[in-house]
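Residues 1055 to 1361 in the working numbering are what the sequence shown spells out, letter by letter. Read the structure below first, then the notes.
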Amino acid sequence: MGEANATYFSIADTTKPSFFLKEIVIISSVVIGIVGLIGNGIVTCLFCYRCKNSRFFVYFQNIAFSNTIVLFYVFVFFQRTCFHRGIKLRFLYIIEMLQTLGYNTRFYLLRTVCVERCLMVFWPAWNKRYRPQHTTFLVCGVLWSLSCLTSVVDNLACSSDFIKPNKPFLINCKNASIMRIVIDLAIFLPLVVSCTSAILIRHLTQQVPLARLDITIVATVVLCILSDTPIRIAHNIIYWLQGIDEGFLTTVTQLFHSVHSMASALILVIVGCWKKTSEESFFMFLERALEAEENMALRTEADEEPT
């Protein structure tokens, strides 16, 4: 994504006011990121401990793990920005590539969650009858592979120091940027928004109770629009507009990464603990946050089918 190049933003000139503003932003990112790392770590462990036969458990487990990966580069970025410690370029690009892998994967997984929920709500019989076994694990594997491919291509194309100058990558940065715009902003984002809108319209027009799973999905989609979409727009602005402060823009994207990762875990806790009875354990919040029906006893059979 070229962030590694952008992080070399006049580190030696610490007298500029803009530098101190960048430090404030990145310190805020680290504080929020620590909370997000703890939250996503707990959520990931609980997902593993309370392994359920539900596709949405698998999807949100992968999303929590993706958020954890994203936060690693935030801490590396903080070390380089505030302590001015040199880090080998190869290691820096690998960490940066992992962050790109993480935030691409969580976006692709969210798109899958929205589509799966739409199929379950609008075509339950077809979804139950024709959905193959182990589809969830297959889809997760494909999405991680797709994210890995796009991350490698994107970083190699847009990070000129990662490869030798006399051996340019076969895809230039402009083409990689166009690929990002098409995949992320022109295909996946409208699909996520349309599926979520369909669920809400059904709830409003047919007076169907909104399940906790739907609330979790809607809240996560809103979070994606507010925090994840600006990151994707910023990454494209860096390569298409000249004269902008790339260093500050990169710093702000790290803040958005931290906020998204922390809020993603917080959504599960809030939705799961909302109207919790005294008899229910706090650590049951994952089950409650991903309930496919408002009444636990009426959960759809499709949600309990083998993943």
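Quick reminder that beta carbons are idealized off the backbone N, C-alpha and C, glycines included.
Exercise for the section: Check the C-beta distance from Ala1190 over to Asn1158 and give it rounded, since I have them as a contact under 8 angstroms. Expected result: Looking at the sequence provided, one finds Thr at residue 1190 rather than Ala. So it is not a contact: roughly 19 angstroms between Cβ atoms.
Problem - Supposed contact pair Thr1270 and Val1325 - C-beta distance, whole angstroms, cut 8 angstroms - result: 5 angstroms
Problem - Spatially closest choice to Ile1291 from Ile1232, Met1316, Arg1266 and Val1246, by CA coordinates - result: Ile1232
Problem - Coil, strand or helix - Asp1299 by DSSP - result: coil
Problem - Own chain partners of Cys1194 with C-beta closer than 6 angstroms, once the 5 adjacent residues on each side are dropped - result: Asn1116
Handout entry: Supposed close pair His1311, Val1084 - CB separation, criterion 8 angstroms
Key = Not quite, the Cβ-Cβ distance comes to about 11 angstroms (not below 8 angstroms), so this is no contact.
Problem - Same chain, Cβ closer than 6 angstroms to Leu1264, five either side skipped, listed in chain order - result: His1257
Problem - Under the three-state DSSP convention, the category Trp1198 falls into - result: helix
Exercise for the section: In angstroms with no decimal places, state the Cα-to-Cα distance between Ala1273 and Gly1090. Expected result: 17 angstroms
Exercise for the section: Tell me, to the nearest whole angstrom, how far the beta carbon of Ser1120 is from that of Arg1160; I am working on the premise that it is less than 8 angstroms. Expected result: 4 angstroms
Problem - Nearest-angstrom Cα separation, counted from Ile1279 out to Val1313 - result: 13 angstroms
Practice task
Could you tell me how far apart the beta carbons of Gly1087 and Thr1122 are, in whole angstroms, since I believe they sit closer than 8 angstroms?
Solution key: Their Cβ separation, rounded to whole angstroms, is 10 angstroms, which puts Gly1087 and Thr1122 out of contact at 8 angstroms.
Handout entry: Which listed residue (Gln1261, Val1206 and Phe1114) has its alpha carbon closest to that of Gln1153
Key = Val1206
Handout entry: Cβ-based neighbour list, Val1275, same chain, cut-off 8 angstroms, excluding 5 preceding and 5 following
Key = Leu1164, Cys1168, Val1246, Val1247 and Thr1250
Problem - Pro1178 - containing alpha helix (DSSP H), residue span - result: Pro1178 to Tyr1184
Handout entry: Gln1308 beta carbon less than 9 angstroms from that of Val1128
Key = yes
Problem - DSSP-derived helix/strand/coil call for Gln1261 - result: coil
Practice task
Could you tell me how far apart the beta carbons of Ile1149 and Phe1132 are, in whole angstroms, since I believe they sit closer than 8 angstroms?
Solution key: Contact doesn't hold; Cβ gap of about 12 angstroms is too wide.
Exercise for the section: Taking all protein chains shown into account, decide if Leu1192 is buried (16 or more other Cβ within 10 angstroms of its Cβ) or exposed. Expected result: exposed
Exercise for the section: Express the C-alpha separation of Gln1261 and Gly1156 in angstroms, rounding to a whole number. Expected result: 37 angstroms
Handout entry: Of the residues Trp1294, Tyr1162 and Val1196, the one placed nearest Ile1237, counting alpha carbons only
Key = Tyr1162
Handout entry: Residue from Ile1285, Trp1198, Tyr1113 and Glu1170 whose Cα sits closest to the Cα of Arg1185
Key = Glu1170
Exercise for the section: Taking Ile1241 as part of the alpha helix (DSSP H), name the residues at either end of that continuous run. Expected result: From DSSP, Ile1241 is part of no alpha helix (DSSP H); its letter is neither H nor E.
Problem - Range of the contiguous alpha helix (DSSP H) that encloses Met1233 - result: Cys1227 to Arg1234
Exercise for the section: Let me know the secondary structure DSSP gives Gln1187 once reduced to three states. Expected result: coil
Problem - Straight-line Cα distance separating Thr1098 from Phe1339 - result: 13 angstroms
Problem - Three-state secondary structure assigned by DSSP to Leu1344 - result: coil
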